[in-house]
Every structure is written in structure tokens, then in C-alpha cells.
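Mind the numbering: the sequence shown is residues 232 to 393 in the working numbering, read in order. Every residue gets a Cβ at the ideal spot worked out from N, C-alpha and C, and that includes glycine. So the structure is just underneath, and the comments pick up after that.
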Amino acid sequence: MSPAWQNIATSEPDIIASWWLATPAASVILVTGRTFDVLDVPHTVGLTALARIEHSGLRPGPVALSTVSIELGERAHFFVRSRGAPADENEWWSCHLDCVPEEIENVTGLRWHCRSSYVVAPPSVTGMGTASRWIRDPRTHELPDGVQLLEILSDACEEASS
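Rendered as C-alpha cells:
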């Protein structure tokens, strides 16, 4: 609704409710790195990884599908507990492309949205004209530890890129 959305963003329910009443078709932008992070992979990789995660006995938590851009296409967003601000700064990296700690090999297609990032969430309609949608509802699925899902998501990305 505003190019200065970061300055007016809030988590106050009354303010959000008034915004929804005024503009019910507005997109939802969720800031990451506070309560939750998002592991972001290509759509088809995400569906493959989701099946593997469920088969492994892990609980994947909320998952959404969103079309991000022409370049990135449709993406699967795995919502996980925030890593916060760990003592070892190399335990996390922001989603800015090509920005990972030296100790962590870059995985094609995988982005970890944490501090200084955000994701578009359902029921938003993106600039591409497609609606974001939940495939695992956040009301019924708890946030897992992202590190537990990381290996499966990373493996699925590497297989898809080879």
C-alpha cells in the first residue's frame, strides 16, 4: 500500500484490522528474523522436499507457495522458528543473494530469510497476478527448527540443479 511500508509496519491487531477493513485486497508482507524465519526454495523442489520431510517423521510446519518474480518463479516458503541472534554469527545468513558465511557452501535455489528480510504471505496477490496460498496452514502446524529441515531442502535443491 505504501513504498514506505517498513516505516509503518506493525504487529498491533487493532491497526491491522483497520487496514484490512479499508483495503481487504492488500498484500501481506511478513518481516522475518523476529518470531520466524523462512527457508525459500523453488516450487517443485519444495514439494519434493515436503514429501521427504513428512516421510522422515519430521514436522515441516507452515508452508506457502508464492510467485516471487519472473526470474525466481514460484517458490515454496517453509516457515521455521527464528534463529534470532545466535552468539556465533556464522549460524545464520540473510537471504540477500550470494551472501553466506564462508563456512557454508552456497546451495543453488535455497534462500534463508531471517534478519533484514521479508516474505509475501497468503492471501497476497503478487505483481505477477498470482495468489500466494498455504499448503500447510500456520493455524494447525507449529514452527519447526529450520536447521532440522535444512539438510533435506539443501539436498533437494542440489538434486534439482544437477
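Asked	Found
Extent of the continuous beta strand (DSSP E) run through T263	259-263
First through last residue of the alpha helix (DSSP H) which encompasses S385	377-392
Neighbourhood of V262 by C-beta, 6 Å cutoff - its chain only, sequence neighbours within 5 removed	Y349
V269 and S355 closer than 8 Å at C-beta	no
Classification of P291 by the beta-carbon crowding that lies within 10 angstroms, buried from 16 upward	buried
Which residues DSSP lists as bridging D271, in chain order	H308, R342
Extent of the continuous beta strand (DSSP E) run through A352	348-352
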